[in-house]
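Asker:
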Amino acid sequence: MNFLKKLGQTSLATASIVAVVCLLLAFGVVEFRAEVFVPFFIGAIFLIFGQTGFLVGIDYSILEIGKDIGNHLSKKKSVWLPILFGFVFGFVTTIAEPDVQVLVGQFTGTNAFLSTWLLLSIFGIGAGLFFSFALFRIFKKIPLKYCLLAIYGLIFVLAAFAPSEYLGMSFDAGGVSTGLVTVPFLLSLAIGICSVRGGASKEDNFGAVAIVSTGPIIATLVLGLILGPTEVTGSASSEVLALGESLLSNMQDVAIALAPLIVLFIIMQFTMLKLPVREFFRILVGFVISFVGMVLFMTGVFYGFSPMGQYVGESLQGFGNWLAILVGLILGFLIVFTEPSIMVLSEQVEDVTSKLLRKKVIYVVLGIGIAISVVFGFLHILFNISLWWFFGVLYFLCILLSFFIDPIFVSIAFDSGGIASGTMTVAFLLPIFMGLGGEALNAFGISGLVATVPILTVEILGLVYKIMSNRARRKKSGK
Numbered sequence: 004m005n006f007l008k009k010l011g012q013t014s015l016a017t018a019s020i021v022a023v024v025c026l027l028l029a030f031g032v033v034e035f036r037a038e039v040f041v042p043f044f045i046g047a048i049f050l051i052f053g054q055t056g057f058l059v060g061i062d063y064s065i066l067e068i069g070k071d072i073g074n075h076l077s078k079k080k081s082v083w084l085p086i087l088f089g090f091v092f093g094f095v096t097t098i099a100e101p102d103v104q105v106l107v108g109q110f111t112g113t114n115a116f117l118s119t120w121l122l123l124s125i126f127g128i129g130a131g132l133f134f135s136f137a138l139f140r141i142f143k144k145i146p147l148k149y150c151l152l153a154i155y156g157l158i159f160v161l162a163a164f165a166p167s168e169y170l171g172m173s174f175d176a177g178g179v180s181t182g183l184v185t186v187p188f189l190l191s192l193a194i195g196i197c198s199v200r201g202g203a204s205k206e207d208n209f210g211a212v213a214i215v216s217t218g219p220i221i222a223t224l225v226l227g228l229i230l231g232p233t234e235v236t237g238s239a240s241s242e243v244l245a246l247g248e249s250l251l252s253n254m255q256d257v258a259i260a261l262a263p264l265i266v267l268f269i270i271m272q273f274t275m276l277k278l279p280v281r282e283f284f285r286i287l288v289g290f291v292i293s294f295v296g297m298v299l300f301m302t303g304v305f306y307g308f309s310p311m312g313q314y315v316g317e318s319l320q321g322f323g324n325w326l327a328i329l330v331g332l333i334l335g336f337l338i339v340f341t342e343p344s345i346m347v348l349s350e351q352v353e354d355v356t357s358k359l360l361r362k363k364v365i366y367v368v369l370g371i372g373i374a375i376s377v378v379f380g381f382l383h384i385l386f387n388i389s390l391w392w393f394f395g396v397l398y399f400l401c402i403l404l405s406f407f408i409d410p411i412f413v414s415i416a417f418d419s420g421g422i423a424s425g426t427m428t429v430a431f432l433l434p435i436f437m438g439l440g441g442e443a444l445n446a447f448g449i450s451g452l453v454a455t456v457p458i459l460t461v462e463i464l465g466l467v468y469k470i471m472s473n474r475a476r477r478k479k480s481g482k
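Numbers 4 to 482, taken from this note's numbering, label the letters of the sequence shown in order.
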């Protein structure tokens with residue numbers, strides 16, 4: 004029943020995006036090309052079943068072991084073991100994240116030191132250090148808003164002195180570092196820790212994703228300060244890989260992504276967890292289902308949706324800026340319903356808040372946020388508006404609002420930002436931007452921008468909720 008419910012949700016979400024593309028075809032915005040449309044329709048089927056399988060599989064694997072490991076780590080007297088665990092896991096999973104590898108693969112530069120492995124290592128170190136800090140914050144019960152104020156203050160100081168080409172790269176790195184593997188584990192790990200720690204509040208269950216996503220931003224900006232200016236270009240191609248080749252490539256990527264978590268689980272099973280044999284094998288089966296689901300999902304996105312994104316972007320060039328902005332607005336809203344990580348977050352939020360925040364509300368609020376983000380991205384490319392105006396103003400408002408709303412909304416809002424920019428953003432929306440004719444230096448930064456506005460929209464929801472709650476209390480008290 005759970006499978007059928009998730010299948011229905013993912014089918015509707017994917018069908019909506021397919022319908023938008025078909026409308027563009029019907030109105031003559033794009034021409035029918037079999038070599039692009041056939042893989043797109045095949046990719047849609049893969050995406051539906053892949054996303055469904057992944058969401059079902061993680062219920063029995065990643066989410067389970069995250070809570071179990073969190074429970075055991077929270078019982079340790081020393082905080083240094085969790086911190087060491089956080090760094091190692093954050094480093095390994097970040098460099099293995101498919102989204103991160105795709106983004107790094109789109110970076111090239113004339114600087115001899117700017118290699119793929121250097122970027123992966125830098126992203127991994129940043130994520131690992133801030134993974135450790137995220138766990139330290141939970142154990143020491145440090146308010147998230149003060150952590151974010153200090154972290155983003157540091158980010159913008161570094162950005163002011165780093166070469167300009169690293170600004171977009173750094174925020175993109177932060178946007179994609181919390182992906183399909185990291186997010187479910189991080190969320191369940193934090194919930195597992197808080198469930199056995201006395202005095203833990205609901206907001207402590209969230210916020211870890213927000214902190215981890217800032218690590219690669221800071222690490223990339225520091226790299227820019229060290230290496231100095233470099234010419235950064237990007238690559239995006241509408242060439243369609245053979246289906247079999249795409250499947251094999253994604254099987255390798257997903258195996259690399261899941262391997263660290265599986266190895267970690269097996270080691271901890273025999274040293275700490277010692278779960279019953281039946282439960283141990285149930286989790287392994289869950290990993291297999293997650294693996295198949297991720298492979299199908301990634302294949303659907305990169306085999307069918309990525310080339311279509313490039314093609315749509317190229318086609319929109321001849322129809323005026325405002326049509327491009329309208330298409331971006333619609334696709335931005337619909338993307339939220341196809342991101343597995345957002346589905347995981349919405350379910351966790353509904354569960355932890357005892358349905359105070361419903362999944363549907365989270366979807367709509369994030370959908371509006373991502374839609375506005377995509378429009379900002381189009382404005383950035385079409386009118387060459389500096390990213391500084393977007394990042395500076397938006398994050399200033401985000402930090403400012405965090406001092407006026409309930410802490411739980413702050414935690415959920417910044418986690419939402421870290422999750423909003425996922426696989427579909429990198430592989431579908433980014434090619435649209437590059438297809439519009441934006442130079443790489445302009446196109447990079449879009450993933451980071453998509454991760455920004457959703458923070459603000461969730462915080463506005465928190466502000467509305469606080470105002471309504473205060474009114475209800477005053478009315479009840481007769482004042």
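Backbone N, C-alpha and C fix where the C-beta goes; we use that ideal spot for every residue, glycine too.
Under a Cβ-count criterion, where at least 16 other Cβ atoms within 10 Å of its own Cβ denotes burial, should GLU34 be classed as buried or exposed?
Answerer: As a position in the sequence shown, residue 34 is number 31, starting the count at 1. It is exposed - the Cβ of GLU34 has fewer than 16 other Cβ atoms within 10 Å.
Asker: Would you kindly check if the distance between the Cβ of ILE415 and the Cβ of VAL315 is under 8 angstroms?
Answerer: One-based indexing of the sequence shown puts residue 315 at position 312. One-based indexing of the sequence shown puts residue 415 at position 412. It is not a contact, given that the beta carbons lie outside the stated cut-off.
Asker: Check whether the Cβ atoms of GLU350 and GLY425 lie closer than 8 angstroms to each other.
Answerer: Within the sequence shown, numbered from 1, the residue matching residue 350 stands at position 347. Within the sequence shown, numbered from 1, the residue matching residue 425 stands at position 422. Taking 8 angstroms as the Cβ cut-off, GLU350 and GLY425 do not qualify as a contacting pair.
Asker: What's the call for LEU228, buried or exposed, on a 16-neighbour Cβ count within 10 Å?
Answerer: The residue labelled residue 228 in the question sits at position 225 within the sequence shown. Exposed: under 16 other Cβ atoms inside 10 Å.
Asker: Take GLU489 as the anchor and find which of ILE411, ILE463 and PHE133 has the nearest alpha-carbon.
Answerer: This structure cannot settle anything about residue 489, because the visible part of the chain is limited to 4 through 482.
Asker: Is it the case that the Cβ atoms of LEU278 and VAL184 are separated by a distance below 8 angstroms?
Answerer: Indexing the sequence shown from 1 puts residue 278 at position 275. Indexing the sequence shown from 1 puts residue 184 at position 181. No; because the gap between Cβ atoms is not below 8 angstroms, this pair is not in contact.
Asker: Short of 6 angstroms in beta carbon distance, which residues of its chain neighbour LEU250, apart from the five on each side in sequence? Order them along the chain.
Answerer: In the sequence shown, residue 250 corresponds to position 247, counting from 1. Within the same chain, LEU250 has close Cβ partners THR302.
Asker: So which of VAL186, VAL41, PRO219 and LYS80 has the shortest CA-CA distance to ASN208?
Answerer: Along the sequence shown, read from residue 1 onward, the residue named residue 208 stands at position 205. Answer by Cα proximity: VAL186.
Asker: Reducing DSSP to helix, strand and coil, say where ILE388 ends up.
Answerer: Translated into the one-based positions of the sequence shown, residue 388 becomes position 385. Of the three classes helix, strand and coil, the one that applies to ILE388 here is coil, per DSSP.
Asker: Using 8 angstroms as the threshold, is the C-beta distance between GLY421 and SER216 below it?
Answerer: For the purposes of this step, residue 421 is taken as residue 418 along the sequence shown, with counting starting at 1. For the purposes of this step, residue 216 is taken as residue 213 along the sequence shown, with counting starting at 1. Yes. Within cutoff.
Asker: Figure out for me which residue from PHE336, LEU452 and ASP409 has the closest Cα to the Cα of MET471.
Answerer: Position 468 of the sequence shown holds residue 471. The shortest C-alpha separation from MET471 is found at ASP409.
Asker: CA-CA distance, PHE188 and MET172?
Answerer: Taking the first residue of the sequence shown as position 1, residue 188 is located at position 185. Taking the first residue of the sequence shown as position 1, residue 172 is located at position 169. Straight-line Cα distance between these residues: approximately 25 angstroms.
Asker: Between the segment 163-182 and the segment 44-61, do at least 3 Cβ pairs fall closer than 8 angstroms?
Answerer: Cβ pair count under 8 angstroms is below three, so no.
Asker: By a C-beta neighbour count over all protein chains shown, 10 Å radius and 16 as the cutoff for buried, is SER357 buried or exposed?
Answerer: Mapped onto the sequence shown, residue 357 falls at position 354. So SER357 counts as exposed.
Asker: CB-CB under 6 angstroms to ILE154, same chain, minus the five flanking residues each way: which ones, in chain order?
Answerer: The residue labelled residue 154 in the question sits at position 151 within the sequence shown. So the qualifying residues of the chain are THR217.
Asker: Quick one: Cα of ALA502 to Cα of SER405, how far?
Answerer: In the structure displayed, the chain extends from 4 to 482; residue 502 sits before or after that span and is not available.
Asker: Taking only three categories from DSSP, how would you classify LEU287?
Answerer: Taking the sequence shown and counting its residues from 1, one reaches residue 287 at position 284. LEU287: helix per DSSP, three-state reduction.
Asker: What is the DSSP secondary structure of LYS8, reduced to helix, strand or coil?
Answerer: The residue given as residue 8 occupies position 5 in the sequence shown. DSSP places LYS8 in helix when its eight states are reduced to three.
Asker: Within this structure, are the beta carbons of ILE384 and LEU334 separated by less than 8 angstroms?
Answerer: Here residue 384 refers to the residue found at position 381 of the sequence shown. Here residue 334 refers to the residue found at position 331 of the sequence shown. In this structure, LEU334 does not lie closer than 8 angstroms to ILE384 by Cβ.
Asker: With distances taken from CA atoms, which of LEU329, PHE407, ILE365 and TYR306 is nearest ALA430?
Answerer: To locate residue 430, count along the sequence shown from 1; it is residue 427. Looking at the Cα atoms, TYR306 is the closest of the given residues.
Asker: Please confirm whether THR290 and LEU267 have their CB atoms less than 8 angstroms apart.
Answerer: On the sequence shown, residue 290 is found 287 positions in, with the first residue counted as 1. On the sequence shown, residue 267 is found 264 positions in, with the first residue counted as 1. The question names Thr, but residue 290 is Phe in the sequence shown. No; because the gap between Cβ atoms is not below 8 angstroms, this pair is not in contact.
Asker: Using 8 angstroms as the cut-off, can you tell me whether the segment 93-103 makes contact with the segment 120-138, which would need three or more C-beta pairs spanning the two stretches below that distance?
Answerer: Contact between the segment 93-103 and the segment 120-138 is present, because at least three Cβ pairs lie under 8 angstroms.
Asker: Please give me, in chain order, every unbroken run of the alpha helix (DSSP H) with length at least 4 that falls completely inside the segment 316-356.
Answerer: With a minimum length of 4 residues, the continuous alpha helix (DSSP H) runs that stay inside the segment 316-356 are 324-338 and 343-355.
Asker: Taking the alpha carbon of THR455 as the reference point, which residue from PHE407, TRP392, LYS479 and LEU466 has its own alpha carbon closest?
Answerer: Residue mapping note: residue 455 aligns to position 452 of the sequence shown, counting from 1. Here the closest residue by C-alpha is TRP392.
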